[in-house]
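Report on the following structure.
There are 2 protein chains.
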Amino acid sequence: MTQNSTTIDSSSMSRQAAADKIARILDAQFFRALCEPVRIEIILVLIRKGRSDVGAIAEELPQDRSVISRHLQVLERGGIVCASQEGRHVFYELDASASVQRFEAILGQLRALLPLCCPAKPR
Amino acid sequence: MTQNSTTIDSSSMSRQAAADKIARILDAQFFRALCEPVRIEIILVLIRKGRSDVGAIAEELPQDRSVISRHLQVLERGGIVCASQEGRHVFYELDASASVQRFEAILGQLRALLPLCCPAKPR
DNA sequence: TGTATATGTGCACATTCATGCACGCGTCAA
DNA sequence: TTGACGCGTGCATGAATGTGCACATATACA
């Protein structure tokens, strides 16, 4: 039972277009990388210690080193961190620039929804 | 093996402060609501159809109505949608305003990380 | 060349979570 | 008051995923 389901909503076209744009940007893969508490902890470690290799990151966390390695792969696929190999070590670094661009794109499309999707604000 | 681990990094204090601020904002609960493809579909339905009740949303998706109901609860706890009961119906609506504020807060803290956490940009 | 170190991966296990069905509760209509 | 409708929840099941151990690979050092 949708409001105005029987009448032709003048904003239906823009709603559909907005939905299409949001669908392209709201990547579940990206958010999945951020929904795991341990991965959040890894991000915090990278902020505190800066560019570090797998062993150094794992030292700061209770999980096994192999687990941290896997989480770092997920973060890399999500575009949150970037890896660079130097000899035996693989250094990981927070890619704040890419994340900022990602969030800016989402925020831009989200602002376009404000006139369409804002609930009544009893403030 | 962290870079500059032996020397006192002049930005270590600001790094710690930045990590603390990020830790408060990067809520896994919020991202968990967005990492499920079905919940993304629900968001798209709410954009297309606007404020709708559970049954109307479930009509647009293959999952059972009870499943949609549970997903909507997760979205509500994450602050993505807001619910309002009217008689037998419970209407859900995308809270774009709250989401925009959420993303703006994250983006603000993320921009503060740019001078600290940017990888070398070979562009 | 041989050894130690750093990392990733296969495997098994435990936990979390999405899913659908059945049922109970609350509300509206007759 | 009785029946129909909308919604949420308990329960069981299967899939996805986090976790740790053992092992293989690659690289640096003596």
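Same order as they appear, the protein sequences are chains A and B. For the first sequence, our numbering gives the first residue as 1, with consecutive numbering after it. For the second sequence, our numbering gives the first residue as 1001, with consecutive numbering after it. Even for Gly, the Cβ is constructed at its ideal location relative to N, Cα and C.
{"Item": "Against chain A, does Gln1085/B count as a neighbour if the rule is that its beta carbon must be under 8 Å from one of theirs?", "Value": "no"}
{"Item": "Alpha carbon to alpha carbon, what distance is there between Val1090/B and Ile80/A?", "Value": "37 Å"}
{"Item": "So does the segment 31-50 of chain A actually touch the segment 1028-1040 of chain B, counting three or more Cβ pairs closer than 8 Å?", "Value": "yes"}
{"Item": "Let me check understanding here. Comparing Cα to Cα, which of Arg15/A, Leu26/A, Ala96/A and Glu104/A lies closest to Gly1114/B?", "Value": "Here residue 1114/B turns out to be Leu, not Gly, going by the sequence shown. Ranking the options by Cα distance to Leu1114/B, first place goes to Ala96/A."}
{"Item": "Below 7 Å, is the gap between the Cβ of Gln16/A and the nearest heavy atom of the ligand NAP?", "Value": "This structure simply doesn't include the ligand NAP, nor any ligand for that matter."}
{"Item": "DSSP has His1089/B in a bridge; who is on the other side?", "Value": "Glu1086/B"}
{"Item": "Counting only beta-carbon separations shorter than 8 Å, does Gln1101/B have a partner in chain A?", "Value": "no"}
{"Item": "Relative to the C-alpha of Gln73/A, which residue among Tyr92/A, Ala19/A, Gly55/A and Phe103/A is closest?", "Value": "Tyr92/A"}
{"Item": "Kindly list, in the order they appear in chain B, the residues whose Cβ is closer than 7 Å to that of Gly79/A.", "Value": "Near Gly79/A there are no residues of chain B at all, since even the closest Cβ is about 12 Å away, more than 7 Å."}
{"Item": "Alpha carbons only, please: which of Ile1057/B, Ile1047/B and Asp1053/B is nearest the one belonging to Gly1087/B?", "Value": "Asp1053/B"}
{"Item": "Measuring straight from C-alpha to C-alpha, what distance separates Glu1059/B and Pro62/A?", "Value": "45 Å"}
{"Item": "How is Leu1110/B classed by DSSP in three states: helix, strand or coil?", "Value": "helix"}
{"Item": "Do three or more CB pairs link the segment 20-27 of chain A to the segment 1014-1023 of chain B at distances below 8 Å?", "Value": "no"}
{"Item": "Would you report the Cα separation of Arg1070/B and Leu107/A, rounded to the nearest angstrom?", "Value": "26 Å"}
{"Item": "Assuming Leu44/A is part of the alpha helix (DSSP H), what are its boundary residues?", "Value": "Pro37 to Lys49"}
{"Item": "For Leu26/A and chain B, any beta-carbon pair shorter than 8 Å?", "Value": "yes"}
{"Item": "What does Arg1048/B reach in chain A if we use C-beta pairs closer than 7 Å?", "Value": "Arg15, Gln16 and Ala19"}
{"Item": "Under 8 Å, CB to CB, which of the residues in the segment 60-73 of chain A have a partner in chain B?", "Value": "none"}
{"Item": "Would DSSP call Arg1094/B helix, strand or coil?", "Value": "For the record, residue 1094/B in the displayed sequence is Leu; it is not Arg. Leu1094/B falls in the strand class under three-state DSSP."}
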